[in-house]
Amino acid sequence: MRIGIPKENLPGERRIAAVPETVGKIVKGGMQVVVETGAGKGAFIEDKEFEAAGATIAPSAQIFSQSDILLKVNRPTLEEAGQIKEGILLISFLQPLGHPELVKRLAERRVTALAMEMVPRITRAQRMDALSTMSTVAGYKAVLVAANASGRFLPMLSTAAGTIPPAKVIVIGAGVAGLQAIATAKRLGGVVTAFDTRPAVGEQVKSLGGEFVSLDVPHDQAEDTGGYAKELPPEFYKKEQELIRKYSKEADFIITTALIPGKRAPVLITEEMLREMKPGSVVVDLAVEQGGNCPLSEPGKEIVKHGVILIGLLNIPATLPIHASQLYARNILAFLNLIVPDGKTLKLDTQDEIIKGSMVTANGEVVHPAVISALKKGAPS
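Mapping of the sequence shown onto the numbering used here: residues 1335 to 1715, in sequence order.
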């Protein structure tokens, strides 16, 4: 069994799908590993480190044309998909709902594609949950980005010139990214208030030292069976905006992480709310790739609106490539151990909840129900 690790070509991407630690374990498990020349450079991993772990270094063409299993961070480009050997197994983040042409190309190439972001959030799959892993990275870095952009201290400081009070931090959405943002802001000395539609996360927020503001939504309306927030009626979001508005006027930092799977991110920070915020306050919108929790956020940019610094960074995990690669590589290794348990034979049990939930294409067809439905309706770009 030959495992290929190509270099990531998405602009700004510095992560890699395997690190020497996981390569060594894959090789010991009985598989061959081939890494593209210079693939680890963005994460500060030299080719010789992969070779010391047992991998072979090869050019790009060889990785795509001779591998049995291809491990990536990001979805392949259409050009890369055309170079992939027919019948190969691909494991990566795919975002299939937003890239229908790629999905069709992979099906045409008879690629069996497993999407890491579609791994179900069940206990047995926790070690493979790359979406949660990368959300942890994003939540941590979001607070550092906000602090760096701000003209204020985060912690309380007592000096001979007087005392500076601690920054007031609001975190909207207490999922994985939000909880990590809360923990990071508290460690840096901020006073944190968190909002979420799911009552169940209140105890988690409090355990991290944050104040939890309940939005009084019944559990069955607030989250689905996978623990994700559910879409709610427009009048509810209006009510939520008004509640957040009471706190946002005095906030120094706001980190927004509220997402609805497969939907546009709910608008929770309006332009009117920005007008009322203190000059020099910072909003980091982690939902910007899905439209943003603030409609004025711009993907990939730091801008100033009404005296408030709006930051809409894309692909935040790539800015912490060393540990983001290490954690993602471990997620990938756990998935690999599931489908190649003996290091020799590929076992894709389509009745297995993890495999079934993450499989997008197989045997020349699109097989994931949600992707099939999106293709029929005409998925957005």
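Backbone N, C-alpha and C define an ideal beta-carbon position, used for all residues, glycine too. Remember, predicted model here, so these are calculated numbers, not experimental data.
According to DSSP, is residue i part of a helix, a strand, or is it coil?
i     : result
E1347 : coil
Q1575 : helix
E1420 : coil
M1693 : strand
P1340 : coil
G1432 : helix
S1466 : helix
E1413 : helix
K1635 : coil
D1554 : Interpretation of D1554 is limited by its pLDDT of 49, a score under 50 that renders its predicted location unreliable; no figure is taken from the coordinates.
L1672 : helix
D1530 : strand
I1397 : helix
T1356 : helix
T1300 : Nothing about residue 1300 can be read from this structure; the chain reaches only from 1335 to 1715.
I1650 : helix
E1383 : helix
L1448 : strand
E1537 : helix
V1479 : helix
G1376 : helix
G1561 : Caution applies to G1561, whose pLDDT of 49 falls short of 50 and renders its modelled position unreliable; the model cannot decide the point.
L1404 : strand
T1371 : coil
I1645 : strand
Q1685 : coil
L1569 : It is Glu, not Leu, that sits at residue 1569 in the sequence shown. If DSSP states are grouped into helix, strand and coil, E1569 belongs with the helices.
T1590 : strand
Can you round the beta-carbon distance between residue i and residue j to whole angstroms, since I take them to be within the 8 Å contact cut?
i     : j     : result
S1426 : V1616 : S1426 to V1616, Cβ: 32 Å. No contact.
T1695 : L1440 : 5 Å
V1601 : Y1571 : 7 Å
G1544 : K1520 : 7 Å
V1674 : L1667 : Contact flag wrong, Cβ pair sits at about 11 Å.
T1531 : L1542 : At roughly 18 Å, the Cβ-Cβ gap does not stay under 8 Å, so T1531 and L1542 are not in contact.
Among the candidates the options, whose CA atom is the shortest distance from the CA of residue i?
i     : options                    : result
A1386 : Q1400, S1401, V1368        : V1368
R1336 : G1364, V1601, P1354        : G1364
A1517 : S1582, G1473, D1530        : G1473
I1379 : N1408, I1403, R1349        : R1349
T1604 : P1633, K1635, V1642, E1687 : V1642
H1433 : M1607, A1449, S1492        : A1449
F1587 : K1681, I1689, V1535, K1612 : K1612
S1631 : H1640, I1645, Q1624        : I1645
A1511 : A1668, V1539, T1679        : V1539
V1700 : K1382, L1436, K1406, L1344 : L1436
K1580 : L1593, R1598, M1607        : M1607
K1382 : V1357, L1672, I1418, L1404 : V1357
P1655 : A1480, G1416, V1353, P1340 : V1353
I1339 : S1399, P1345, K1362        : S1399
P1345 : V1477, N1665, G1634        : G1634
T1457 : I1688, S1582, K1711        : I1688
M1693 : Q1429, I1397, Q1624        : Q1429
A1395 : A1415, L1667, G1388        : A1415
D1463 : K1710, L1661, L1405, P1703 : L1661
K1678 : N1343, E1342, V1361, K1341 : V1361
L1478 : I1650, G1698, K1711        : I1650
L1647 : A1508, E1576, S1401, A1480 : A1480
A1377 : A1447, C1628, K1341, A1515 : K1341
G1283 : A1373, N1343, T1470        : Missing from the structure shown is residue 1283; the chain here goes from 1335 to 1715 and no further.
F1669 : A1389, K1375, L1405        : L1405
Is the separation between the beta-carbon of residue i and that of residue j shorter than 8 Å?
i     : j     : result
I1589 : L1620 : yes
T1371 : A1351 : no
E1420 : R1443 : yes
I1504 : T1591 : no
L1431 : A1708 : yes
E1347 : A1652 : yes
L1593 : A1585 : no
V1407 : L1424 : no
G1523 : L1488 : yes
F1546 : A1534 : no
V1705 : A1476 : no
P1410 : I1403 : no
G1691 : M1452 : yes
Verify the contact flag: residue i, CB atom, against every heavy atom of the ligand GDP, threshold strictly below 7 Å.
i     : result
E1699 : Among the components of this structure there are no ligands whatsoever, and the ligand GDP is therefore not found.
Minimum length 4: unbroken alpha helix (DSSP H) runs contained in the region 1487 to 1527: 1510 to 1521
Pick out the complete beta strand (DSSP E) segments inside the region 1592 to 1623, 3 residues or longer, and give them in chain order. 1616 to 1619
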